[in-house]
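Here's the structure, in structure tokens; my notes come after.
Here it is, written out as structure tokens:
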């Protein structure tokens, strides 16, 4: 986890590599800055004295380690396919310590995973783990929830919502109220418990 300063803010240094155009950088910057409007998280440009920082790069795909790793920590936002506001927030939430919604320990009460439809080698994206739910319920609208055809090998769904299979999910364009509540609870950003 990233540490809090005496002013109650969590400052996270970042560096955006030169792979990106000015338009692409503005999408990334908007995603970084969005956190300051609803949390105590403050992303700031890195300095040479920073020991730990996020290096935002265009590599192969959209990904980040979960939580603080130490040193240079790559957040990949490939120029093709990853430069959307919700995707930037998604990968930054990984760096802040959050996993995918469909990996929650209580997910079997909310979605059915259809592993027979998942591409070989991609099953790990659906493995249940101990997640930082922060007292919130399952959120189909979370920016951390994959869509129903994620990693499908046969154009069939890899997940179905239960008990109502018609519930829409995996379409978030930005963080949900639950995403924000979890973030604020984990980093103790405010005295505002989740009420949704």
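Numbering (the working numbering), first residue to last: 6 to 201. C-beta atoms are modelled at their ideal positions from N, C-alpha and C, and glycine is treated no differently.
For residue j and residue i, the rounded distance between their alpha carbons
i: residue 17; j: residue 83; result: 21 Å
i: residue 157; j: residue 132; result: 15 Å
i: residue 7; j: residue 46; result: 9 Å
i: residue 103; j: residue 73; result: 11 Å
i: residue 22; j: residue 29; result: 11 Å
i: residue 201; j: residue 33; result: Residue confidence is low: residue 201 scores 46 on pLDDT, short of 50, so the model does not pin down where it sits. No coordinate-derived value is stated.
i: residue 26; j: residue 44; result: 28 Å
i: residue 113; j: residue 130; result: 15 Å
i: residue 138; j: residue 159; result: 31 Å
i: residue 62; j: residue 88; result: 11 Å
i: residue 189; j: residue 195; result: 7 Å
i: residue 134; j: residue 81; result: 23 Å
i: residue 11; j: residue 120; result: 46 Å
i: residue 199; j: residue 50; result: In this prediction, residue 199 has a pLDDT of 48, which is less than 50 and means its spatial position is unreliable; nothing more can be read from the coordinates.
i: residue 111; j: residue 145; result: 13 Å
i: residue 136; j: residue 191; result: 12 Å
i: residue 101; j: residue 15; result: 10 Å
i: residue 9; j: residue 48; result: 12 Å
i: residue 181; j: residue 13; result: 23 Å
i: residue 5; j: residue 109; result: Only positions 6 to 201 of the chain appear in this structure, which leaves residue 5 out of reach.
Among the options, the one whose alpha carbon lies nearest that of residue i
i: residue 107; options: 55, 11, 62, 143; result: 143
i: residue 173; options: 180, 165, 179; result: 165
i: residue 118; options: 53, 45, 170, 76; result: 170
i: residue 52; options: 77, 72, 114; result: 77
i: residue 184; options: 147, 21, 122, 195; result: 147
i: residue 176; options: 153, 59, 31; result: 153
i: residue 19; options: 60, 126, 145, 113; result: 60
i: residue 124; options: 88, 134, 162; result: 162
i: residue 64; options: 57, 181, 24; result: 24
i: residue 115; options: 134, 15, 167, 128; result: 167
i: residue 187; options: 141, 149, 13; result: 141
i: residue 127; options: 48, 151, 145; result: 151
i: residue 149; options: 50, 69, 122; result: 69
i: residue 122; options: 182, 136, 155; result: 155
Rounded Cβ spacing between residue i and residue j (contact assumed at less than 8 Å)
i: residue 179; j: residue 105; result: 16 Å between Cβ atoms; not a contact.
i: residue 71; j: residue 99; result: 5 Å
i: residue 67; j: residue 36; result: Not a contact, Cβ separation roughly 12 Å.
i: residue 75; j: residue 57; result: 5 Å
Cβ contact (3+ pairs, closer than 8 Å) linking the segment 91-107 and the segment 32-51: Contact between the segment 91-107 and the segment 32-51 is present, because at least three Cβ pairs lie under 8 Å.
Going residue by residue through the segment 65-152, where are the continuous alpha helix (DSSP H) segments of at least 4 residues, counting only ones entirely within it? Complete alpha helix (DSSP H) runs here, min 4: 90-100.
Runs of alpha helix (DSSP H) lying entirely within the segment 148-182, each at least 4 residues, in chain order: Complete alpha helix (DSSP H) runs here, min 4: none at all.
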